[in-house]
Each structure stands twice: as C-alpha cells, then as structure tokens.
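Comments concern the structure below.
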Amino acid sequence: MTGPPAREAFLSGKQGRGGGPFSRVEDVVLDAWLAFARAGARLDELADGMPSRDVLVLSIYRPDTDALRRALGELRRTRHSLRTALGAMGNPDPALADETVAAGLARGKFANLNTVADAADGGGAHWIVVVDDDVALPEGFLDRFLAVCEHLDLTMAQPAQTRASHAAWPVTRRRGGSMARETRFVEIGPVTCFRRDAWGELAPFPALRFGWGLDLHWAAIAAERGWRLGVIDALPVRHEHAAVAAAYSSDDAIEEARWFLADHAFVDSMRVSQTLRVHRLP
Numbered sequence: 059m060t061g062p063p064a065r066e067a068f069l070s071g072k073q074g075r076g077g078g079p080f081s082r083v084e085d086v087v088l089d090a091w092l093a094f095a096r097a098g099a100r101l102d103e104l105a106d107g108m109p110s111r112d113v114l115v116l117s118i119y120r121p122d123t124d125a126l127r128r129a130l131g132e133l134r135r136t137r138h139s140l141r142t143a144l145g146a147m148g149n150p151d152p153a154l155a156d157e158t159v160a161a162g163l164a165r166g167k168f169a170n171l172n173t174v175a176d177a178a179d180g181g182g183a184h185w186i187v188v189v190d191d192d193v194a195l196p197e198g199f200l201d202r203f204l205a206v207c208e209h210l211d212l213t214m215a216q217p218a219q220t221r222a223s224h225a226a227w228p229v230t231r232r233r234g235g236s237m238a239r240e241t242r243f244v245e246i247g248p249v250t251c252f253r254r255d256a257w258g259e260l261a262p263f264p265a266l267r268f269g270w271g272l273d274l275h276w277a278a279i280a281a282e283r284g285w286r287l288g289v290i291d292a293l294p295v296r297h298e299h300a301a302v303a304a305a306y307s308s309d310d311a312i313e314e315a316r317w318f319l320a321d322h323a324f325v326d327s328m329r330v331s332q333t334l335r336v337h338r339l340p
C-alpha cells in the first residue's frame, strides 16, 4: 500500500451504538430460543469432555469498575486453571488488588496490555482471554466458551454481543439458530480470546492508543496462517455501558488507524463482515 487507506476500507459504517429500538425484544426472543434448545446443558456436555486448560485473563480497568468485579466472579466459576492479571488506570481497586500487577497506567489499551501481559508471563497459558472492564458475561461462560473454541478448532474467538449492545460490527452481533459462526474477523473487544499459538504471533501488540484497525490486521495474519476465527452466538455478552468511542475522539482513532494500516496488511471492512460457516448446537 502506498498511503493510508480510505476510511470506508476499514470502518464498519456503523456508529458503535445499540442495535435499535427493538433490540431488547430481539434479545428476549433469542434468549428464549437458547432456553428452548437447552443450549446451556448441551454446551455443558461439550465442556465436560474437554481437558483442563491453563487460562490467563487480562484486563485493564478504570476506577469504580463494578462490571469487571462481576465478570471476574463469573470467570472464577471455571473448572480450568485460571490466572488473572489486571492493570489499573488509577490506584488499584481494593477488591482487585491481589490480581492487579500494574497501576497508574496511562497509555493506550494495547500498550497497557503489553505491560500487564509481561508481568503475568502470558505465553505459558493454553488460552489468553482479554476482557474489557464494562462487559457482562452470561452464566457458565468460560467453560462453555472454551469448549466451543476447541470443538471447532478456533485459533481466535469472541462471544457475540447482544442485540442491544454497543457494537460497531454487525457480524459480531448475536444471531439466532447458531452456536457459532466462522468469520474472517475477531474484534479487539469487549472480549477477545487467543489460543497460545495466536498469542505468540500477535503479542506484544503495537503500542496503539485506540487500536482501531488492529483487528483487521489480525484478520490478514489469520488468513495467511490458515487460522480459524469465530463468533460464538450461544454465549452472548452485554456491552451496554457506553457507546464505542464515548470516552475519546473517534476522529483521533480513525486517523491512528489510517496510518497504522498504511504499513500493515489488513482485510477490508466488506470482507470481514462475511460469515464463512454456521455451526449448530451439538
């Protein structure tokens, strides 16, 4: 590429806000379908056949992060061997102090994640899960999620977002009738899961402040390596606290992405919006 790409080459065309006036009704209907299909019990059966894995959870948190405390409580209900390494953007939260390995972080998300991952020795885990501090996880999330990842031989994955979530990419919103979809693309958040081999290729991350476009670069690496990526519809997460770019300038994030992608291969926004294959519940 000879210069920064046009915006339409790497933006979704959406504003990263909730899914519309009927989105909560859609979520109720989709939740009812999961209950009728006994999705939880069927995923538990899948999880029961999975060996115990070493799992590392990483997160950067802001002050007053009740959502992260709840999310970590859910993640700790796993039967896998779980380690948690957190970075505080201010002083450590007293409830999270034992797991906070760095404090006073003031750089961008991915530079901060590099600091936390270095302190935690992330390369030794089978799976590394990066969690934003404002996401709500469904019951039984981690065991079920990793079971789907291994069942489908996914290298990177994310849970779908609820219809009411603030999501920039329609391909990552939950869809009915699907356990998971293979895609060309996994987002930088709110929850991103890396298998050990993917983590070894992608980390440490570029020291971007906002990170827009990084996931499109990951998509190009995944295509080159033959990795399988997926969005898990049967385990949707809620990301409803704040719209995308609510706490920073979207213009600054776009400009950073343009210059980053000028020097890095990426899959364009039209192609990353495609679903390659749909997998039903086992």
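Under my numbering, the letters of the sequence shown match residues 59 to 340, in that order.
Every residue gets a Cβ at the ideal spot worked out from N, C-alpha and C, and that includes glycine.
- With a contact defined as Cβ atoms closer than 8 angstroms, VAL325 and PHE243 qualify at about 7 angstroms.
- When only Cα atoms are considered, HIS184 and ASP112 end up about 5 angstroms apart.
- Linking VAL189 to ALA155 through their CA atoms gives a straight-line distance of about 17 angstroms.
- When only Cα atoms are considered, ARG96 and PRO340 end up about 11 angstroms apart.
- A Cβ-Cβ distance of about 5 angstroms is found for the pair VAL336 and ARG239, placing them in contact under the 8 angstroms criterion.
- Residue ALA161 holds the alpha-carbon nearest to the alpha-carbon of MET147 among GLY288, ILE279, SER117, ALA161.
- Straight across, the Cα-Cα distance linking TYR119 with ALA226 is about 21 angstroms.
- For SER139, the secondary structure class from DSSP, reduced to helix, strand or coil, is strand.
- Cβ-Cβ distances below 7 angstroms link ALA315 to PHE68, TRP270, GLY271 in the same chain, with the five nearest sequence neighbours on each side left out; the list follows chain order.
- Collapsing the DSSP output to three states places ASP310 in a helix.
- Under the three-state reduction of DSSP, ARG335 is assigned to strand.
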